[in-house]
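All remarks here apply to the structure that follows.
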Amino acid sequence: MSVLIFIDTADGHVKKASMEAMSYGAKIAEQSGTSAEGVVLGSMADDMAALGKYGLKKIHHVVNDSLNHLDSQVYTKVIAQVAEATGAKVIIFPNNVDGKAIAPRLSVRLKAGLVSGAVALPEMTNGFVVKKNVFSGKAYANISVTTDIKIIALNPNAYKIVAGDGIAEVVTFNASVDTSKINVTNITKASGEVPLTEAEVVVSAGRGLKGPENWGIVEDLAKSLHAATACSRPVADAHWRPHNEHVGQTGFAIAPNLYIAIGISGAIQHLAGVNRSKVIVVINKDPEAPFFKAADYGIIGDAFEVVPKLTAAIKKLKGVA
Ligand SMILES: Cc1cc2nc3c(=O)[nH]c(=O)nc-3n(C[C@H](O)[C@H](O)[C@H](O)COP(=O)(O)OP(=O)(O)OC[C@H]3O[C@@H](n4cnc5c(N)ncnc54)[C@H](O)[C@@H]3O)c2cc1C
270 MSVLIFIDTA DGHVKKASME AMSYGAKIAE QSGTSAEGVV LGSMADDMAA LGKYGLKKIH
330 HVVNDSLNHL DSQVYTKVIA QVAEATGAKV IIFPNNVDGK AIAPRLSVRL KAGLVSGAVA
390 LPEMTNGFVV KKNVFSGKAY ANISVTTDIK IIALNPNAYK IVAGDGIAEV VTFNASVDTS
450 KINVTNITKA SGEVPLTEAE VVVSAGRGLK GPENWGIVED LAKSLHAATA CSRPVADAHW
510 RPHNEHVGQT GFAIAPNLYI AIGISGAIQH LAGVNRSKVI VVINKDPEAP FFKAADYGII
570 GDAFEVVPKL TAAIKKLKGV A
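Start counting the sequence shown at 270; every next residue gets the next number (my numbering).
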């Protein structure tokens, strides 16, 4: 038996959420006296042997043009073959878009119990119990998994990346790969320097900014912190900002180390997507804004005065003009 980790990539590069999943899977393998192995689907630009530094002993690489774009049905069948061949008893996914699309299908195919949104290592002294977020991050549940094969989808930013100096053995896995029913004709990449779901720091703004012409102060602050930009739903609905920046219950769920919310009231639907952030800073001119209850730090003030001052102070601190 082994622990198998799905290594999610973007443009052939390993995503940060996968590095966390590998570190997490390697720790489970260590605690259960087995080895951690990874599976990579499609073309890969990064050095796969170097992924051994996250604790993986072996990488199974399945090369096929059908795997260069996510088709969850095709991916599921291939990962199931790798899982069966390796005798994997624990399979780890990052709980991101790809993981959410594949893990439930794989769980049905392998008759495996699935815990999605895991936030900690499983408790294995008495059974196999995994702690996960429930009710949009408002509470935790401990789920006991009793199936022979167990699947865990790990929440991004819930487990620290642990990098050593190991080297993984890379083997080509000959899988039977279905032809994808999805034909990708065009890809439009999201703008912005830092991808939102991978960002350590996110600067987000809402209707308090009054209009799209005022987003310069948000972008300046984001740039000074090497942060991604995000927004509340009404802002995206009004086309002030693109929909790929919309966070919340109906948008992206994110968990950066720092989330700065500017002119956002803090509605429950917004909080649902951001309340797993490690530190929340709220800037709002209304001292009664609900967001202050969820904030670690709050600044009561007009965004148009506070944000440029904050940016200037950060630049000064960093010695940037
Ligand atoms: C089913 C459903 C799903 C939803 N999903 C989402 C979702 O995924 N994400 C989401 O964001 N919303 C979602 N919503 C909408 C949500 O309920 C709120 O309406 C929305 O989050 C409010 O956006 P806002 O905070 O930008 O705007 P507002 O509620 O209008 O708040 C603006 C804030 O800016 C402050 N402000 C005004 N001027 C300034 C200034 N000069 N300086 C500083 N502060 C200022 C105000 O005090 C206020 O607190 C959903 C709603 C429903 C019903």
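Cβ coordinates follow ideal geometry from the N, Cα and C atoms, glycine included.
How long is the line joining the alpha carbons of residue 480 and residue 424, rounded to whole angstroms?
Here residue 480 refers to the residue found at position 211 of the sequence shown. Here residue 424 refers to the residue found at position 155 of the sequence shown. So the two alpha carbons sit approximately 33 Å from each other.
Range covered by the beta strand (DSSP E) that runs through residue 371
Residue numbering aside, residue 371 sits at position 102 when the sequence shown is read from its first letter. Looking at the DSSP string, residue 371 is not in any beta strand (DSSP E); the run it does join, the alpha helix (DSSP H), is 366-378.
Find out if the Cβ-Cβ distance for the pair residue 283, residue 320 is shorter than 9 Å.
Position 14 of the sequence shown, counted from the start, is the residue given in the question as residue 283. Position 51 of the sequence shown, counted from the start, is the residue given in the question as residue 320. Yes.
Which whole runs of the beta strand (DSSP E) in the region 450-510 are 3 residues long or more, in chain order?
470-474, 497-500
DSSP has residue 567 in a bridge; who is on the other side?
Counting from one through the sequence shown, the residue named residue 567 turns up at place 298. Its beta-bridge partners are 551.
Could you check if residue 323 is buried or exposed, using at least 16 other CB atoms within 10 Å of its CB as the buried criterion?
Locating residue 323 in the sequence shown gives position 54, where the first residue counts as 1. Buried.
Helix, strand or coil at residue 592 [DSSP, three-state]
Lying before the first or after the last residue shown, residue 592 is absent from the chain, which here runs from 270 to 590.
If you check the beta carbons only, do residue 279 and residue 464 fall under 9 Å apart?
If you number the sequence shown from 1, residue 279 lands on position 10. If you number the sequence shown from 1, residue 464 lands on position 195. Contact flag set, yes.
Would you call the region 384-391 in contact with the region 311-320, where contact means no fewer than 3 C-beta pairs closer than 8 Å?
no
Determine the closest residue to residue 275 out of 341, 453, 482, with distance taken between C-alpha atoms.
The residue labelled residue 275 in the question sits at position 6 within the sequence shown. Selected option, being the one with the closest Cα: 341.
Hey, out of 514, 494, 562, 563, whose CA is closest to residue 588's CA?
Taking the first residue of the sequence shown as position 1, residue 588 is located at position 319. Comparing Cα positions, the closest option is 494.
From this set, 307, 550, 303, 577, which residue's C-alpha is nearest residue 440's C-alpha?
Along the sequence shown, read from residue 1 onward, the residue named residue 440 stands at position 171. Residue 440 has its Cα closest to that of 307, out of 307, 550, 303, 577.
Please look up how many angstroms separate the CB atoms of residue 540 and residue 563, rounded, as I've assumed it's under 8 Å.
As a working note, residue 540 is residue 271 in the sequence shown. As a working note, residue 563 is residue 294 in the sequence shown. With a Cβ gap of about 6 Å, residue 540 and residue 563 count as contacting.
Nearer than 8 Å: is that true of the beta carbon of residue 359 relative to any heavy atom of ligand 3?
Looking at this structure, you won't find ligand 3 anywhere; what it does contain is ligand 1.
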